[in-house]
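Structure record follows, encoded as structure tokens.
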Amino acid sequence: MPAYHSKFNEEECPALGNIAMLPIRTTVKGPAPRTTDEEDIIDETLGYFKANVFFKNYEIKGTADRLLIYLTLYTTDCIVKLQKSPSKNQALKDMYSLAISRFALPGEAGFPLNNVYQRPTGNDVEKMRQYLTQCRQELGQRVVEKVFGDSDKPSKWWTCFARRKFMDKTLTPLGQQF
């Protein structure tokens with residue numbers, strides 16, 4: 146069975162490095178174009194997460210797939226952090242702090258997939274950091290809703306994926322734990 150690819154690969158959109166800058170449904174400030182569509186890349190990431198996380202290899206078919214990969218890796222980091230959160234309110238705070246924490250961009254030391262991502266140049270460096278931070282914040286809010294739902298405890302059907310590593314990679318630098 147092949148991995149799921151982004152349906153947004155077909156869409157024309159600007160790119161930062163070789164990552165698509167897709168519109169997202171969000172209230173978080175940032176450079177991402179806004180959309181009112183039913184499904185955006187973040188919904189797609191969460192929808193495909195449980196299936197895609199089992200794959201060790203992933204064939205990239207477009208710039209949207211690179212964003213899907215990044216967000217899938219970030220979702221794993223979120224779930225690892227959420228399984229230790231005692232309540233939904235604390236989880237929202239944890240996701241915000243994780244989203245705005247310093248992270249490596251493509252081309253920098255510590256970025257796990259430098260071989261398939263292009264280093265951003267010039268003004269794109271800061272714009273990519275802002276865009277990915279905005280995506281991380283929005284994904285964090287939505288994953289809390291998925292993992293906690295109406296409960297104040299995380300769902301075991303989500304936290305069981307904390308041990309899985311998509312493509313055997315993690316965005317968390319070696320030696321740094323949550």
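Just so you know, the sequence shown maps onto residues 146 to 323 in the numbering used here. Beta carbons are placed, not taken as given, at the ideal position from N, Cα and C, and that holds for glycine.
Residue i - DSSP class collapsed to helix/strand/coil
{"i": "ARG308", "result": "helix"}
{"i": "ARG211", "result": "helix"}
{"i": "THR221", "result": "helix"}
{"i": "ASP313", "result": "helix"}
{"i": "ASP239", "result": "helix"}
{"i": "LYS152", "result": "helix"}
{"i": "LYS301", "result": "helix"}
Cross-strand partners of residue i (DSSP beta bridge)
{"i": "ILE169", "result": "ARG179"}
{"i": "ILE164", "result": "LEU161"}
Host alpha helix (DSSP H) of residue i (start-end)
{"i": "PHE256", "result": "From DSSP, PHE256 is part of no alpha helix (DSSP H); its letter is neither H nor E."}
{"i": "PHE293", "result": "269-293"}
{"i": "LYS229", "result": "Note, LYS229: premise wrong, no alpha helix (DSSP H); not H, not E."}
{"i": "LEU250", "result": "That residue, LEU250, is in no alpha helix (DSSP H); it is neither H nor E in DSSP."}
{"i": "LEU348", "result": "Absent from the model: residue 348. The displayed extent of the chain is 146 to 323, so no value can be given."}
Burial state of residue i (16 or more Cβ within 10 Å)
{"i": "ALA148", "result": "buried"}
{"i": "GLY285", "result": "buried"}
{"i": "SER230", "result": "buried"}
{"i": "THR172", "result": "exposed"}
{"i": "ALA329", "result": "Lying before the first or after the last residue shown, residue 329 is absent from the chain, which here runs from 146 to 323."}
{"i": "MET146", "result": "exposed"}
{"i": "PHE199", "result": "exposed"}
{"i": "PRO159", "result": "exposed"}
{"i": "CYS223", "result": "buried"}
{"i": "ILE111", "result": "What the structure shows of the chain is the stretch from 146 to 323, and residue 111 is not part of that stretch, so it cannot be assessed."}
{"i": "ASP210", "result": "buried"}
{"i": "ASP239", "result": "buried"}
{"i": "THR317", "result": "buried"}
Anticipated Cβ contact below 8 Å, residue i with residue j, distance rounded
{"i": "LEU161", "j": "ILE186", "result": "Going by Cβ atoms, the distance from LEU161 to ILE186 rounds to 14 Å, so no, they are not a contact pair."}
{"i": "LYS226", "j": "GLU189", "result": "Incorrect: roughly 22 Å between the Cβ atoms, too far for contact."}
{"i": "GLY252", "j": "ARG264", "result": "3 Å"}
{"i": "LYS314", "j": "LEU250", "result": "The Cβ separation is near 15 Å, so there is no contact."}
{"i": "LEU243", "j": "ILE164", "result": "Between ILE164 and LEU243 the Cβ distance is about 20 Å, and since that is not below 8 Å, they are no contact."}
{"i": "LYS310", "j": "THR221", "result": "7 Å"}
{"i": "LEU216", "j": "VAL288", "result": "Actually they are not in contact, since the Cβ atoms of LEU216 and VAL288 sit about 10 Å apart, beyond 8 Å."}
Distance cut-off 7 Å: residue i Cβ against heavy atoms of the ligand MN
{"i": "LEU250", "result": "The ligand MN is absent from the structure shown, which contains no ligands of any kind."}
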